[in-house]
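**Student:**
In UniProt numbering, the protein residues as written are 1 to 270.
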């Protein structure tokens, strides 16, 4: 990864931070993007500007040159503005990790999901991924040296999770985007894959609001994290292992794959 330029959305904390620090440790330069703002329809605090600054500082400690930007993946213009900065600073882009995601919970029936929650979740998880690829792929094409795009889907892209039609549909959609862009960008030697984690122990799952929801609705936790292997939630580093491999030359002939890192979740009978 030495001197490759890697762009990561949702980079301030959780899986995005883990990916950023691993790429930096391996010698990459970074573009770290996070919205750093709460959404009234997402029932927990999103990452903060301070967290993005800390991740930036920690990546720089490995010697990485880092562009840090507060941008909303739901806004195509904001993503294009960041990519313009990438081109003027680095002149190239080698790896994109579309990691930014949103998650909401309750009520028990998906029929009761309101418009605002639907738009917040699907807008981030699906439209945001589309905007990320749409903004970054042209720079990769102009570079003429190929590259790797990794989209973060979910084990929810392989099952239908109760009360979560917005999240589940958006993650199924991410896999569709991956397959389409793998076909469209392959002629430019740009590989496009996705990684599908089971539950990961980050603030998105460990925050007090969702823990209270799980305590009140214990079957929902099993619905979302019931794995074949005798583990509960994975760690962010477990997903980073897969993301970095998909971005590496070790996966140079891997494209169009939704890689499960799910402890067998996909094979559990709902």
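Beta carbons are placed, not taken as given, at the ideal position from N, Cα and C, and that holds for glycine.
#1: Let me check understanding here. Comparing Cα to Cα, which of 11, 30, 265 and 151 lies closest to residue 51?
#2: What are the start and end residues of the beta strand (DSSP E) that includes residue 261?
#3: Count the CB pairs spanning the stretch 64-71 and the stretch 155-162 that are closer than 8 Å, and state whether there are at least three.
#4: Given a cut-off of 7 Å, decide if residue 72 and residue 78 are closer than it, judged by their beta-carbon atoms.
#5: Output needed for residue 200: all residues of its chain with C-beta closer than 8 Å, excluding positions within five of it in sequence on either side, in chain order.
#6: Would you kindly work out how many angstroms separate the C-alpha atoms of residue 25 and residue 143, rounded to a whole number?
#7: Please determine if the stretch 260-267 and the stretch 36-52 are in contact, where contact requires at least 3 C-beta pairs separated by less than 8 Å.
#8: Could you please give me the residues that DSSP links to residue 217 through a beta bridge?
#9: Per DSSP, which residues does residue 212 bridge with? Please list them.
#10: CA-CA distance, residue 140 and residue 17?
#11: Sort 149, 145, 151 and 204 by Cα distance to residue 188 and report the nearest one.
#12: Counting only runs of 4+ residues fully inside the stretch 116-179, write out the alpha helix (DSSP H) ranges in chain order.
#13: Going by DSSP, what residue range makes up the beta strand (DSSP E) through residue 195?
#14: The alpha helix (DSSP H) that contains residue 71, what's its start and end?
#15: Might you give, ordered along the chain, the residues of its own chain that have their beta carbon closer than 7 Å to the beta carbon of residue 132, omitting 5 neighbours on each side?
#16: Would DSSP call residue 268 helix, strand or coil?
#17: Out of 253, 256, 119 and 165, point me to the one whose CA is closest to residue 109's CA.
#18: Determine the extent of the beta strand (DSSP E) in which residue 8 is found, giving its start and end residues.
#19: Rank 251, 63, 111 and 5 by C-alpha distance to the C-alpha of residue 191 and give the top, closest one.
#20: Under a Cβ-count criterion, where at least 16 other Cβ atoms within 10 Å of its own Cβ denotes burial, should residue 33 be classed as buried or exposed?
#21: Below 8 Å on the Cβ atoms is my guess for residue 122 versus residue 258; work out the distance and round it to an integer in Å.
#22: Taking all protein chains shown into account, decide if residue 197 is buried (16 or more other Cβ within 10 angstroms of its Cβ) or exposed.
#23: Evaluate residue 228 with the Cβ neighbour count: other Cβ atoms within 10 Å of its Cβ, from every protein chain shown; 16 or more gives buried, anything less gives exposed.
#24: Alpha carbon to alpha carbon, how far is residue 116 from residue 55? Give it in angstroms, no decimals.
#25: Can you check DSSP and say which residues form a bridge with residue 96?
**Tutor:** According to the data block:
#1: 11
#2: 258-261
#3: no
#4: yes
#5: 14, 15, 233, 234, 235, 236, 238 and 239
#6: 24 Å
#7: no
#8: Beta-bridge pairing links residue 217 to no other residue.
#9: The partner list for residue 212 (beta bridge, DSSP) is empty, contrary to what the question assumes.
#10: 23 Å
#11: 145
#12: 128-143
#13: 190-197
#14: Careful: residue 71 lies outside any alpha helix (DSSP H) and carries neither H nor E.
#15: 9, 73, 79, 96 and 98
#16: coil
#17: 165
#18: 5-9
#19: 251
#20: buried
#21: Rounded, the Cβ-Cβ distance is 19 Å, inconsistent with contact.
#22: buried
#23: exposed
#24: 30 Å
#25: 7 and 149
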